[in-house]
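All you need for the numbering used here is the position in the sequence shown, starting with 1, plus 95. C-beta atoms are modelled at their ideal positions from N, C-alpha and C, and glycine is treated no differently.
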Amino acid sequence: MPSRYDSGHVSAQPLAQPLELHRSNRIPKNRIIKGPTAETMAAWDPKQRFVSGIPNEKHTQLYRRLAEGNWDMIVTGNIHVDFNFIIRPGDLCISPECPMDGERFIMFQKLAAEAKANGSLFIGQLNHCGRQILVGMGHEPISASSVQLPTAEGMVYAQPRSATKRDITRVIEQFADAATYLEKAGFDSVELHGAHGYLISQFLARDTNLRTDEYGAQTEENRLRFLNDICAAIKKRVSTRFIIGVKISTVEFQDGGITAEDSRSVCIRLDKASMDYVQLSGGNYQDFGMRWDNGSTQKQEAYFLKSAQMAMGGLVNRNIKAFLSGGLRSVGNMVKALDLVDGVVLSRPAIHEPRLAEDILMGRVPGALRPLSVLEDDAMLGVMLTHSKIRQIAAGNDPLDDSDPAVFTHWRKDMEKWLQKVQQGDDLMVFSGVVEYTGPMFPYGTRRAQELNL
Ligand SMILES: Cc1cc2nc3c(=O)[nH]c(=O)nc-3n(C[C@H](O)[C@H](O)[C@H](O)COP(=O)(O)O)c2cc1C
């Protein structure tokens with residue numbers, strides 16, 4: 096029998112309560128959200144970028160499975176708003192050049208129909224990565240200022256240039272266009288990716304924003320102007336029922352990075368700007384912070400609880416809803432998180448068990464499946480394994496069981512072969528970097544049926 100996270104007998108009832116979103120007047124059905132996980136399965140052609148980023152049948156299969164899971168909201172992986180800034184081969188993209196008809200639009204419509212089939216709200220996460228892009232992937236990267244991301248673990252990031260006013264206006268329009276496109280395609284919402292060191296947070300953080308103009312870092316108002324302008328442009332273009340949320344990092348760990356104090360002002364402003372929700376996360380490419388020794392504890396699970404508490408501290412009688420993301424695994428700690436926020440976001444656990452929200456709400460399980468202990472605090476392996484699992488679900492199989500040492504050993508061998516392929520010089524521009532698991536496969540649903548006697 097697999098082992099699960101368990102923090103004692105706690106009723107999941109508080110997680111089953113519907114939630115009212117103030118601005119859009121929408122009522123998600125419960126409090127458990129499937130967080131964004133990049134799918135990396137879309138079309139990709141570096142020579143003809145306009146055919147890149149189109150969803151396909153693998154995406155519809157993945158979201159069909161997630162739709163069965165009774166999540167209150169399902170958030171896509173990041174959808175880039177510019178063909179020249181697709182962060183990795185296989186990510187989704189909607190650029191202003193994309194017409195609202197044809198294959199891309201039809202596939203986004205299909206995706207929305209699948210994901211919403213059982214009443215979950217479907218959210219497209221919009222992103223511009225700015226400087227956080229590898230050399231060779233981006234075309235003249237822009238950032239708040241020309242500060243290059245340091246090389247890490249052999250990854251060399253492109254040298255960005257400081258965005259001109261024209262660039263800023265164009266990016267704002269790109270976000271607004273993509274939001275309009277997704278609303279027309281049947282999505283309920285967009286979530287702006289303002290976390291994890293991407294372009295929006297490059298404007299928020301003092302180490303990446305050295306500007307002296309009205310988008311500069313000297314005042315809180317200036318640092319927030321870029322995000323505010325994007326929110327305002329989207330609000331002008333979408334209907335009042337269309338939900339707008341923002342994911343932010345409540346803390347970064349490098350000198351000059353975003354502090355919990357900074358994120359407190361971001362939350363206050365997002366509330367004032369009538370956004371529907373803020374998703375509280377943390378970290379960036381320099382340090383994801385996805386571990387239980389970053390000031391959080393394994394006992395409370397949530398990686399960013401402390402900074403999220405600070406971020407929420409300035410919100411009195413708030414209308415904006417807040418969701419906590421990162422590290423949550425047991426029902427007890429999810430319920431406890433509701434003392435601070437309105438909902439909990441599960442990302443890796445949702446891919447490992449696409450029906451986890453339903454099983455929690457029905458009281459069938461006390462928490463998520465527990466992987467091998469070596470994986471619990473290894474963010475990089477966790478991300479790579481999750482990519483492999485996404486592929487398996489999309490192909491109609493159960494995701495691999497990383498609580499089983501034999502399965503993990505097999506996957507590691509697959510990973511070593513994949514690494515060799517990368518090191519032997521497979522062209523980054525065409526190579527889609529996901530470890531394909533070659534061990535025994537089981538039809539989707541086998542493991543759950545066995546464990547829960549269904
Ligand atoms: C494979 C993978 C892909 C991810 N892609 C995204 C993404 O596209 N956008 C985003 O905001 N976060 C992304 N994340 C981060 C998650 O949304 C989440 O913040 C992180 O995994 C911590 O939550 P968890 O402990 O519930 O997994 C990704 C994480 C994984 C593992």
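Residues near H288 by beta carbon distance below 6 Å, same chain, minus five either side = N173, Q220, N222, K342
query = Per DSSP, what kind of secondary structure is C188 in: helix, strand or coil?
reply = DSSP places C188 in strand when its eight states are reduced to three.
task = Consult DSSP for M250 and reduce its assignment to one of helix, strand or coil.
result = strand
ask   = Given 8 Å as the limit, is there contact between the stretch 334-348 and the stretch 115-134, that is, 3 or more CB pairs closer than that?
value = Between the stretch 334-348 and the stretch 115-134 there are three or more C-beta pairs closer than 8 Å, enough to call the two in contact.
ask   = Is the closest heavy atom of ligand 1 to the C-beta of L423 under 7 Å?
value = yes
inquiry  = Does P194 pass the burial test, meaning 16 or more other C-beta atoms within 10 Å, or should it be called exposed?
reply    = exposed
query = What does a CB cutoff of less than 6 Å around P123 pick up in its chain, not counting 5 residues either side in sequence?
reply = L114, D167, M168, L216
message = Based on DSSP bridge pairs, tell me the residues matched to A417.
response = V373
key: Beta-carbon gap between H365 and T345 smaller than 8 Å   = The sequence shown places Leu at residue 365, rather than the His named in the question. No, they are not a contact pair.
ask   = Can the beta-carbon of A489 be found closer than 8 Å to that of L157?
value = yes
Where E286 sits in the DSSP three-state scheme = strand
ask   = Would a C-beta distance cut-off of 8 Å place F203 and P150 closer than the cut-off?
value = yes
key: Cα-Cα separation, N213 to M457   = 16 Å
query = Buried or exposed: Q112, going by 16 or more other Cβ atoms within 10 Å of its Cβ?
reply = exposed
message = In this structure, how does DSSP classify M136 when only helix, strand and coil are distinguished?
response = coil
Burial state of H482 (16 or more Cβ within 10 Å) = Counting the other Cβ atoms within 10 Å of the Cβ of H482 gives 16 or more, which makes it buried.
request  = Can you say whether E152 is buried or exposed, counting buried as having 16 or more other CB atoms within 10 angstroms of its CB?
outcome  = Around the C-beta of E152, fewer than 16 other C-beta atoms lie within 10 Å, and the residue is accordingly described as exposed.
task = Could you tell me which of K394, G292, K367 sits nearest to T354, measuring between CA atoms?
result = G292
ask   = Which word fits G378, buried or exposed, when buried means at least 16 other C-beta atoms lie within 10 angstroms of its C-beta?
value = buried
key: Residue range of the unbroken alpha helix (DSSP H) whose run includes G477   = 474-489
query = Roughly how many angstroms separate the alpha carbons of Q404 and D196, rounded to a whole number?
reply = One C-alpha to the other measures close to 44 Å.
inquiry  = Give me the DSSP bridge partner(s) of I338.
reply    = Paired residues: S284.
query = Looking at N428 and ligand 1, is the gap between the Cβ and the nearest heavy atom below 7 Å?
reply = no
task = Using a threshold of 8 Å, state whether the C-beta atoms of V530 and M475 are closer than that.
result = no
Backbone CA spacing between S147 and I228 [nearest angstrom] = In a straight line, the C-alpha of S147 is about 16 Å away from that of I228.
query = Helix or strand or just coil, what does DSSP make of T541?
reply = helix
ask   = Could you check where the beta strand (DSSP E) with N222 kicks off and where it finishes?
value = Its beta strand (DSSP E) spans residues 216-222.
task = Answer yes if the stretch 413-425 comes into contact with the stretch 134-144, meaning at least three C-beta pairs across the two stretches below 8 Å, and no otherwise.
result = no
message = Am I right that V266 and A274 are in contact with their C-beta atoms under 8 Å? What's the rounded C-beta distance?
response = The Cβ separation is near 13 Å, so there is no contact.
query = Along the chain, where does the beta strand (DSSP E) that runs through L441 open and close?
reply = 438-441
query = With distances taken between CB atoms, is the gap from I128 to V440 smaller than 8 Å?
reply = yes
ask   = Per DSSP, which one or two residues make a beta bridge with H175?
value = C188, N222
Other residues of its chain near W387: CB distance less than 8 Å, five sequence neighbours each side excluded = Q393, E396, Y398, G422, E471, D472
Nearest-angstrom beta carbon gap, P538 and N492 [assumed within contact, 8 Å] = 6 Å
ask   = Between which two residues does the alpha helix (DSSP H) containing I201 stretch?
value = Where I201 is concerned, the enclosing alpha helix (DSSP H) stretches over 197-210.
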